[in-house]
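K.L.:
With our numbering as the guide, the letters of the sequence shown map in order to residues 20 to 369.
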Amino acid sequence: MSLFTRLANAYRRYGVVGATLRGMARLLNRARARALLAVYKLTGGRVARFPAFCVLENDPYLVGLLGMTSPSERAFLQWYARELYTGQGLIVDLGPFLGATTCSLARGLSANQRIGSRSGRVRVFDQFVCDAYMSNLLSRYLSQGLIEHSYQEGASFRFEFEKQTQDFADMFILREGDLSELDTQIQDTEFLFIDAMKDVATANHIVRHFYPHLIPGLSLVVHQDFAHFYTGWIHLIQYELREYLEPVYFIPKSSSQVYRVKKDPSEIRHYRLDLSEWDEPRLDAAFRYSLSMVPPKQRASVIAAKFMLYMHRGDKSGARRRLAEYVEAGHPLEGDLPHVASLVGFQGGS
Ligand SMILES: C[S@@+](CC[C@H](N)C(=O)[O-])C[C@H]1O[C@@H](n2cnc3c(N)ncnc32)[C@H](O)[C@@H]1O
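1) Among residues of its own chain, excluding the 5 on either side of Ile192, which ones have a beta-carbon nearer than 6 Å to its beta-carbon?
2) Shorter than 7 Å, the distance from the beta carbon of Ala222 to the closest heavy atom of ligand 1, or not?
3) Would the segment 158 to 173 count as touching the segment 124 to 135 if we require 3 or more Cβ pairs under 8 Å?
4) For ligand 1, is there a heavy atom less than 7 Å away from the beta-carbon of Ala324?
5) Buried or exposed for Pro271, please, with buried defined as at least 16 other CB atoms from any protein chain shown within 10 angstroms of its CB.
6) Excluding sequence positions up to five away, which residues of its chain have a Cβ less than 6 Å from the Cβ of Asp283?
7) Give the straight-line distance between the Cα atoms of Thr121 and Arg301, rounded to the nearest whole angstrom.
8) How is the alpha helix (DSSP H) around Leu294 delimited, first residue to last?
9) I'd like the list of long-range same chain contacts for Ala196, defined as Cβ closer than 7 Å, with 5 residues on each side in sequence excluded.
10) For the putative contact between His254 and Phe306, defined by C-beta atoms under 8 Å, what is the C-beta separation to the nearest angstrom?
11) Check each candidate in Asn155, Thr105, Lys60 and name the one with the smallest Cα separation from Gln132.
12) Residue range of the alpha helix (DSSP H) that Gln183 falls in?
13) Where in the segment 70 to 157 do unbroken runs of the alpha helix (DSSP H), each at least 4 residues long, occur, reported from the N-terminal end onward?
14) Three-state secondary structure (DSSP) at His242?
15) Starting from Leu362 and walking both ways along the alpha helix (DSSP H), at which residues does that stretch end?
16) Verify the contact flag: Leu124, CB atom, against every heavy atom of ligand 1, threshold strictly below 7 Å.
17) Looking at the secondary structure, which residues open and close the beta strand (DSSP E) in which Tyr278 lies?
18) Nearest-angstrom Cα distance between Tyr290 and Leu211?
19) I need the boundaries of the alpha helix (DSSP H) containing Thr221, first residue and last residue.
20) Are Val226 and Leu264 close, meaning C-beta to C-beta below 8 Å?
21) Should Leu198 be listed as close to ligand 1, given that the test is whether its C-beta is under 7 Å from any heavy atom?
22) Go ahead and label Ala119 buried or exposed: buried means 16 or more other beta carbons lie within 10 angstroms of its beta carbon, across all protein chains shown.
23) Quick one: Cα of Ile205 to Cα of Ala94, how far?
24) Does ligand 1 have a heavy atom nearer than 7 Å to the CB of Ala304?
25) Measuring alpha carbon to alpha carbon, tell me which residue in Leu96, Thr250, Gly83 is nearest Thr277.
26) Excluding the five sequence neighbours on either side, which residues of its own chain have a C-beta within less than 7 Å of the C-beta of Arg177, listed in chain order?
27) Any chance the CB of Met87 is under 7 Å from a heavy atom of ligand 1?
28) Can you tell me whether Val321 is helix, strand or coil according to DSSP?
29) Considering Val313, what are the terminal residues of the alpha helix (DSSP H) in which it resides?
30) Using CA atoms only, rank isn't needed, just tell me which of Leu61, Met87, Arg332, Leu356 is closest to Leu117.
31) If contacts are defined as beta-carbon pairs under 8 Å, then Met327 and Phe248 qualify, I think. What distance do you get, rounded to the angstrom?
32) Which residues in the same chain as Ala338 place their Cβ atom closer than 6 Å to its Cβ, once the five residues preceding and following it in sequence are excluded?
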């Protein structure tokens with residue numbers, strides 16, 4: 020593609036200011052220019068404040084929170100709640116586990132000068148039921164003296180959430196329960212953080228319940244499991260709904276993709292993803308779309324998620340065939356791919 024065509028495309032997509040920032044970011048490859056472009060896209064060109072989250076990721080408080088999100092994700096949440104959140108809608112935190120995300124959002128909110136009352140601004144949803152992975156992580160915390168109790172699979176870890184978030188208890192309202200059975204009235208939502216789309220039924224329920232209450236031109240949605248090998252349905256959903264949500268930012272050193280709501284999403288209340296309806300060309304198109312958003316390091320996880328989708332559809336031989344084609348085309352098995360290769364029983368590759 021000629022320089023002229025690239026410039027023309029950039030101006031069409033981002034406008035004059037955005038394209039100039041994008042050019043600066045590429046030419047200078049400087050964190051500050053990249054950060055300015057990120058803010059420009061996140062806000063739809065409304066504000067251009069320097070995003071301090073680039074620096075905040077080293078904040079000992081954020082680093083020290085117990086949980087699975089990375090310091091840069093927590094820094095982004097804190098920065099968002101302090102600098103961008105306007106108060107026109109609620110902040111929703113789906114799947115906080117021990118509350119690292121809740122604390123990051125609430126800490127940002129406490130420093131937000133634009134809003135009046137902070138009480139109940141954050142709505143938190145989790146079922147607090149320990150699975151094997153969480154139980155292992157909590158045992159590690161116990162052996163490191165970070166918590167005082169052990170949690171077996173099936174036990175409730177709500178106590179640890181309440182302990183870690185206690186300083187911010189007035190800022191959030193907690194709903195305990197399975198999100199796939201959630202039947203609660205959702206209000207206008209300005210920020211939706213999703214770390215609980217662990218199966219298709221829950222993903223469908225979250226889309227139908229939460230997406231229609233997002234505010235066009237303002238709301239952001241963060242998919243924490245975007246670059247995770249297991250949760251391929253996220254790519255299909257975001258591809259199908261691309262006219263409503265545009266990708267604006269991939270949080271560095273994380274697996275989180277941020278979207279901005281560009282079109283009234285109220286009709287999404289009838290949305291339903293059915294994995295069996297996806298033929299190969301459409302599946303490939305959805306993943307090409309996702310791959311165009313992620314940094315090189317996260318590509319392997321997104322590609323792995325495509326092969327895992329075949330497994331989720333009960334088509335292990337399809338997963339093996341697609342993986343074999345990928346390897347035959349000369350691609351290396353890196354990142355999450357060796358793990359997925361062993362799950363699908365793929366023998367080839369190095
Ligand atoms: C990977 S953990 C989230 C990590 C967390 N965001 C952090 O910062 O550490 C996933 C969370 O989603 C919750 N979750 C998963 N499926 C759920 C469901 N169907 N309903 C409610 N919560 C769910 C789990 O209980 C868990 O706390």
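Note that the Cβ used here is the ideal one computed from N, Cα and C, for glycine as well.
Values in this document were obtained by computation on a predicted structure and should not be read as measured data.
P.N.:
Let me spell this out:
1) Gly139, Arg142
2) no
3) no
4) no
5) buried
6) Pro235
7) 36 Å
8) Per DSSP, Leu294 belongs to no alpha helix (DSSP H) and is neither H nor E.
9) What sits at residue 196 in the sequence shown is Gly, not Ala. Around Gly196: Gln146.
10) 6 Å
11) Closest option to Gln132, Cα to Cα, is Thr105.
12) 177 to 183
13) 72 to 75, 79 to 83, 90 to 98, 119 to 129
14) strand
15) 356 to 363
16) no
17) 276 to 280
18) Straight-line measurement puts the Cα of Leu211 at about 17 Å from the Cα of Tyr290.
19) 219 to 229
20) no
21) yes
22) Buried, because 16 or more other Cβ atoms sit within 10 Å of the Cβ of Ala119.
23) 26 Å
24) no
25) Residue identity differs from the one stated: residue 277 is Val in this sequence, not Thr. Comparing Cα positions, the closest option is Leu96.
26) Phe147, Glu195
27) yes
28) Three-state DSSP puts Val321 in a helix.
29) Taken as a continuous stretch (DSSP letters only), Val313 belongs to no alpha helix (DSSP H), as it is neither H nor E.
30) In terms of Cα proximity to Leu117, the closest of Leu61, Met87, Arg332, Leu356 is Met87.
31) Rounded to the nearest angstrom, the Cβ distance from Met327 to Phe248 is 6 Å, consistent with a contact under 8 Å.
32) Phe326, Tyr329, Met330, Val363
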